[in-house]
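Taken in order, the sequence shown gives residues -23 to -1, 1 to 145; the numbers are from mature numbering (1 follows the signal peptide of the UniProt record, and there is no 0). Idealized CB from N, CA, C, for every residue including glycine. As C-alpha cells, the structure follows; a few thoughts come after it.
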Amino acid sequence: MFGNFIKYILIAGFNLSFTIAFAQGKQVMDKPKVDERIEILSIVFRLAGSREYSSDVFKRYVDRINEHYNPFKQHELINFTKKIRNENGIGYDAVMSMAIHLDGQFNLKQKNIDETLDKRWSRDNAKQFAKLLKKFYKDSDSKRFFHDNQALYNEVEARFLPIYEHLK
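In C-alpha cells form, the structure reads like this:
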C-alpha cells in the first residue's frame, strides 16, 4: 500500500518543483517523478535518526532501505549529519532546501546559495555535506539501489498522474 512516508517525500518533491517553476515566472509543471536527490537525503536523515524521516508506514520500501543502507549507519556522512542536526537543528524543510541546491551528481549549486539555502545550513556545512554525500552515494552503491527500485518509483509516479492531470 502507498504509505505516508513515500507520500511525504513525493509531495515535498512535487511542491518544490512547483515552487521553483512558479518562482521563475513559469507556469509549467513537470510530470511528478521520484527525485534521487530527495530520496537520498531522506535516507541519509533517516539513518541519522531524524524522526521526521523515520516513518515505517510504507513497509515494502522501508525494508529495502534498511536492507541496503543499514550497513552504512556509521558512514562519515551519517555521523556528520547527526552533528549538524544536533548543533544547527537541520531537519524537516532544511533537508529539502539542501536537495534543491544539489545538481544531478550531488554537486552543490553555489549561485545565490547564501540567499536561498535554509539558514540552518552554513556555507561550510553545505559544502562538506555535499562532498560527503557524493562519497556516501558511491560507497553505498546507491546507484544500484535506485536502479533496483525503479519499478516501485514508476508505480508511485503513476499514482500521482491523476493529480498532475487535474492541476495542468
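Asked, Found
"Would you mind stating whether residue 184 and residue 71 have Cβ atoms separated by less than 9 Å?", "No information on residue 184 is available, as it lies outside the stretch -23 to 145 that the chain covers here."
"If you follow the alpha helix (DSSP H) that residue 15 is in, where does it begin and where does it stop?", "13 to 24"
"Give the DSSP-derived three-state secondary structure of residue 94 in the structure shown.", "coil"
"When the Cβ atoms of the region 120 to 136 are set against those of the region 94 to 111, are three or more pairs found closer than 8 Å?", "no"
"Would you mind working out which of 67, 36, 9 and 8 sits nearest residue 25, comparing C-alpha positions?", "67"
"Going by the beta-carbon positions, is the gap between residue 58 and residue 83 smaller than 9 Å?", "no"
"Does the beta-carbon of residue 138 have 16 or more other beta-carbons within 10 angstroms, so that it is buried, or is it exposed?", "exposed"
"Quick one: is residue 113 near chain B, going by C-beta distance under 9 Å?", "The structure shown contains no chain B, having only a single protein chain."
"List the residues that DSSP assigns as beta-bridge partners of residue 85.", "79"
"Please list, in chain order, all residues of the same chain as residue 107 whose beta carbon is under 7 Å from its beta carbon, the five residues on each side excluded.", "79, 83, 84 and 85"
"Nearest CA to the CA of residue 163: which residue from 128, 122 and 116?", "Past the boundaries of the shown model lies residue 163; the chain is included only from -23 to 145, so the question cannot be answered."
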